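Colleague: Residue numbers (mature numbering (1 follows the signal peptide of the UniProt record, and there is no 0)): -19 to -1, 1 to 363.
Yeah, the Cβ is synthetic: ideal placement off N, Cα and C, and Gly gets one too.
Just so it is clear, the structure is predicted and the values come from calculations on it, not from any experiment.
1. From 120, 81, 77, pick the residue whose C-alpha is nearest to that of residue 68; which is it?
2. Looking at the structure shown, is residue 357 part of a helix, part of a strand, or coil, going by DSSP?
3. Please identify the residue among 35, 320, 172, 259 whose C-alpha is closest to the C-alpha of residue 63.
4. If you count every other CB in all the chains shown that lies within 10 Å of the CB of residue 313, and 16 or more means buried, which is it?
5. DSSP puts residue 74 in a beta bridge; with which residues?
6. With distance defined between alpha-carbon atoms, name the residue in 321, 274, 205 nearest to residue 302.
7. If you run the structure through DSSP and keep just helix, strand and coil, what is residue 170?
8. Look at residue 175 and residue 131 and say whether their C-beta atoms are less than 9 Å apart.
9. Give me the Cα-Cα distance between residue 150 and residue 126, rounded to the nearest whole angstrom.
10. Taking the DSSP output, what are the residues bridged to residue 340?
11. With 9 Å as the threshold, decide whether the Cβ of residue 279 is near any Cβ in chain C.
12. What does the alpha-carbon distance come out to for the pair residue 134 and residue 224?
13. For the beta strand (DSSP E) that residue 114 lies in, which residues bound it at each end?
14. With burial defined as no fewer than 16 other Cβ atoms inside 10 Å of the residue's Cβ, what is the status of residue 329: buried or exposed?
15. Roughly how many angstroms lie between the CA atoms of residue 248 and residue 289, to the nearest whole one?
16. Is the beta carbon of residue 295 less than 9 Å from the beta carbon of residue 268?
17. Give a yes or no on contact between the region 178 to 189 and the region 211 to 223, applying the rule of three or more CB pairs nearer than 8 Å.
18. Quick check: the region 162 to 171 against the region 189 to 207, are there 3 or more CB pairs under 8 Å?
19. Would you mind reading off the limits of the alpha helix (DSSP H) that contains residue 334?
20. State buried or exposed for residue 72, treating a residue as buried only when at least 16 other CB atoms are found within 10 Å of its CB.
21. Along the chain, where does the alpha helix (DSSP H) containing residue 36 start, and where does it finish?
22. Does the distance from the C-beta atom of residue 233 to that of residue 264 stay below 9 Å?
23. Return helix, strand or coil for residue 351, following the three-state DSSP convention.
24. Following the continuous beta strand (DSSP E) through residue 15, name the residue where it begins and the one where it ends.
25. Taking residue 81 as the reference, which of 128, 24, 334, 13 has the closest Cα?
26. Go through the region 135 to 208 residue by residue and report every complete run of the alpha helix (DSSP H) that reaches 4 residues or more, in order.
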């Protein structure tokens, strides 16, 4: 009986622990037929009933979906990026007609216009209706389809916030149109582009010229990143670019790094507490995700407060810790340290003692807290 139960758990565990991929035929009125989709849902999607997820649309899904979905799953596992719904559109037989543009206006026409409307008017509403999606959307394409994704950027209210351009084969006037659109953007836009030393020469030359123009844009709403990979071909650059693009777009979401700690938090002109609050407000505003403050980030900010001797901020940090880790000793420890540094040793001793019955967290254990209380008692003779 036990062996059978173990075998059953072994069989169902992957479906619980790993992300889910759904293969779906979507009947499109705009395209006049079925389109094949690959949809990767985050790990434990079914268990997190109240959670919504950003969406990443992958063109050339027949070969781009798996590397993109794999990177998203890996990075989100380590909480460097939010979990996402990744949707691949297979185009192995239709990419040329899907991305078709007029030879005079250089805008989507006929089947290209239909595909443009399919994504915006059929696919996205379908995803929003059937899955728990957040408004933050990213789209990715390669060469010809990379050119296509930027047509959404030319709309007054762009459908996507992030654009990942892998060696784009830009239509005439597209570079100038993108520069104009990004220069006027009134809300945040993430724009990533990549080429390589062994990319198709005609593409690489135009991409490098385009990069120069993009770097001249003076608009605080634009988050632009570019990579020119060494010794990569038009196809192998994709494997290098995908993780770089994902890192760039979701940089603010990542835990506070050692570089960030040294470069920002230890500056005496920066309030570590306010930096932490603003970081998570940005995550909430940008990705529509009310995320618990990471313990790593609490400790980074605490250490910065100690290093810069901004002890008055410990009180506010304690209040924030109480909200995010209410049953633990974290808030109690920060409050006790605040009382110590503010010249209230008796109150600090009581705060340390209050940890009795609370849950330990990180290095903060009951023995650690009671030792702190005893030291104050011994020093002041209470």
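Modeller: The structure says:
1. 120
2. helix
3. 35
4. buried
5. Answer is none; residue 74 lacks a bridge partner.
6. 274
7. strand
8. no
9. 8 Å
10. 309
11. Absence of chain C from the displayed structure is noted, only one protein chain being present.
12. 22 Å
13. 114 to 123
14. buried
15. 8 Å
16. no
17. yes
18. yes
19. 326 to 334
20. buried
21. It is not in any alpha helix (DSSP H) - residue 36 instead sits in the beta strand (DSSP E) that spans 34 to 39.
22. yes
23. helix
24. 14 to 22
25. 128
26. 155 to 165, 182 to 196
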